[in-house]
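For any residue, its number in my numbering is found by taking its place in the sequence shown, counting from 1, and adding 40.
Below is one structure, written out as structure tokens; comments come after it.
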Amino acid sequence: DYMEHYLRRVIDEIPSTTPANVKLYLFTMRLLAHGLIIKQPIQLIADAVRQEDALFDYFIDTSGEIEHIIESFAEQYNQQCPEYPIKIWEVKWQMIMYTHSAASLTPFLRETWRDENADLAQCLLKHWQLFNELMIHKYRITPQYVLSPNSVEELVYDVGYSWEQQCAKMQEENLSD
Numbered sequence: 041d042y043m044e045h046y047l048r049r050v051i052d053e054i055p056s057t058t059p060a061n062v063k064l065y066l067f068t069m070r071l072l073a074h075g076l077i078i079k080q081p082i083q084l085i086a087d088a089v090r091q092e093d094a095l096f097d098y099f100i101d102t103s104g105e106i107e108h109i110i111e112s113f114a115e116q117y118n119q120q121c122p123e124y125p126i127k128i129w130e131v132k133w134q135m136i137m138y139t140h141s142a143a144s145l146t147p148f149l150r151e152t153w154r155d156e157n158a159d160l161a162q163c164l165l166k167h168w169q170l171f172n173e174l175m176i177h178k179y180r181i182t183p184q185y186v187l188s189p190n191s192v193e194e195l196v197y198d199v200g201y202s203w204e205q206q207c208a209k210m211q212e213e214n215l216s217d
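Written out as structure tokens, the structure reads:
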């Protein structure tokens, strides 16, 4: 429920007239930012995978509606840029890798920019920027659409939804099963 609510907000913030490559880029980068700041979803996904639990499906999309919207972005992109087709599962994999590595390997993240005396927020921004460079190239994003935040937090929408309450609710549901 939380992730679906958040994904819908990200999608709703992208104007329908936005070019398909930019839609995919904005969606991907905003979702990565969310995962870097709110680590619980990726940590729960990792736990579910380790336990071979169906919880993973909960975070992907329970209704299939959001999955369909994202796939339609990819289809539009592939029609507009047939010489550079993308596979949405490859993008998902890259997002999972970048999100999970920052959440589970934080000491390595800090060590990477130790010589710059970067705090965790600065390290997360630099980590986000690495992924941003890849996506700018992958989606062929022109400079006018490139995101360049001062912090990762500024890319995360406040949806007035408590992640802690969602975790408690999920734990209750799992205990009653």
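Every residue, glycine too, gets a C-beta built ideally from N, C-alpha and C.
query: Is the beta carbon of A114 closer than 8 Å to that of L72?; result: no
query: How long is the line joining the alpha carbons of S112 and I128, rounded to whole angstroms?; result: 10 Å
query: Would you tell me roughly how many angstroms separate the C-alpha atoms of P147 and K178, rounded to the nearest one?; result: 29 Å
query: For Y98, count the other beta carbons within 10 Å of its own beta carbon; 16 or more makes it buried, fewer makes it exposed. Which is it?; result: Because Y98 sits at a pLDDT of 48, beneath the cut-off of 50, its placement in the model cannot be relied upon, and the following sentence gives the value as read from the coordinates. Result: buried.
query: Taking all protein chains shown into account, decide if Y42 is buried (16 or more other Cβ within 10 angstroms of its Cβ) or exposed.; result: buried
query: From the DSSP output, in three-state form, read off L149 for me.; result: helix
query: In terms of residues, what are the limits of the alpha helix (DSSP H) holding V131?; result: 128 to 144
query: Comparing C-alpha positions only, which one of S56, T139, E123, P122 sits nearest to Q83?; result: T139
query: Shortest alpha-carbon distance to S144 belongs to which of Q120, I77, D198?; result: I77
query: Can T57 and V131 be called in contact, C-beta distance under 8 Å?; result: no
query: Whose C-beta lies closer than 8 Å to the C-beta of I126 among residues of the same chain, with five residues either side of it excluded?; result: L64, A114, Y117, N118, K178, Y179
query: Thinking C-alpha only, which one of Q120, V50, N190 is nearest Q162?; result: N190
query: What do you get for V196, buried or exposed, if any count of 16 or more other CB atoms within 10 angstroms of its CB means buried?; result: buried
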